[in-house]
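Numbering (my numbering), first residue to last: 11 to 221.
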């Protein structure tokens with residue numbers, strides 16, 4: 011009896027020991043399973059990026075009325091047309107001859123046999139970063155080599171090789187530019203070799219470009 015009891019006790023002890031080991035392994039497995047099954051934390055949605063406000067137009071130095079420039083030099087003037095306001099830089103880059111027959115055809119019945127056509131070529135730059143998208147170029151007027159009146163003025167006509175351009179739709183960055191042209195004419199015995207800007211405050215004292 012004593013032996014049986016001892017054996018039973020040992021067996022119970024062994025059983026208990028085994029039970030503890032199994033319980034420990036089971037708990038560890040449960041913890042691992044719990045850790046593996048735990049859902050990953052959801053990422054917080056990124057805060058919506060705030061749109062940066064449009065930069066204010068920068069200050070520029072305006073070219074005074076009556077300024078005399080050489081072809082290739084820039085004038086900076088205020089711009090205010092059809093709701094677009096700001097400042098532009100104007101650089102007359104050259105003057106070229108225009109085919110007389112093409113010119114007469116473009117003017118039709120308004121043509122004049124005594125007018126010799128010329129093409130004033132210039133660049134328009136956004137000087138201050140104002141939104142001038144789609145705006146039209148200034149109306150430059152042809153002059154003689156010494157800045158005088160060539161004896162004829164042409165408005166609203168284009169010919170092949172001398173067509174007026176326009177600012178691109180995206181034209182709000184300071185320094186952006188586009189090239190354009192303006193058809194002009196000269197009377198008998200005269201020619202166009204330069205150009206003048208005579209709009210707004212410059213009507214009485216234009217800016218003049220000469221060779």
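Beta carbons: idealized from backbone N, C-alpha and C, even for Gly.
Select from 202, 119, 114 and 182 the residue whose C-alpha is nearest the C-alpha of residue 156.
Here residue 156 refers to the residue found at position 146 of the chain shown. Minimum Cα distance to residue 156 is reached at 202.
Check whether the segment 183-190 and the segment 152-171 touch, using three or more Cβ-Cβ pairs below 8 Å as the test.
no
Return helix, strand or coil for residue 78, following the three-state DSSP convention.
Counted from its first residue, the chain shown places residue 78 at position 68. Residue 78: strand per DSSP, three-state reduction.
Beta carbon of residue 131, beta carbon of residue 104: below 8 Å?
Position 121 of the chain shown holds residue 131. Position 94 of the chain shown holds residue 104. Going by C-beta atoms, residue 131 is nearer than 8 Å to residue 104.
Residue 82 vs residue 101 beta-carbon contact at 8 Å:
Counted from its first residue, the chain shown places residue 82 at position 72. Counted from its first residue, the chain shown places residue 101 at position 91. Taking 8 Å as the Cβ cut-off, residue 82 and residue 101 qualify as a contacting pair.
Quick check on residue 113: does DSSP put it in helix, strand or coil?
Counting from 1 along the chain shown, the entry for residue 113 is found at position 103. Correct three-state label for residue 113: helix.
Under the three-state DSSP convention, the category residue 149 falls into:
Indexing the chain shown from 1 puts residue 149 at position 139. If DSSP states are grouped into helix, strand and coil, residue 149 belongs with coil.
Does DSSP put residue 118 in a helix, in a strand, or in coil?
On the chain shown, position 108 is the one that residue 118 refers to. DSSP places residue 118 in helix when its eight states are reduced to three.
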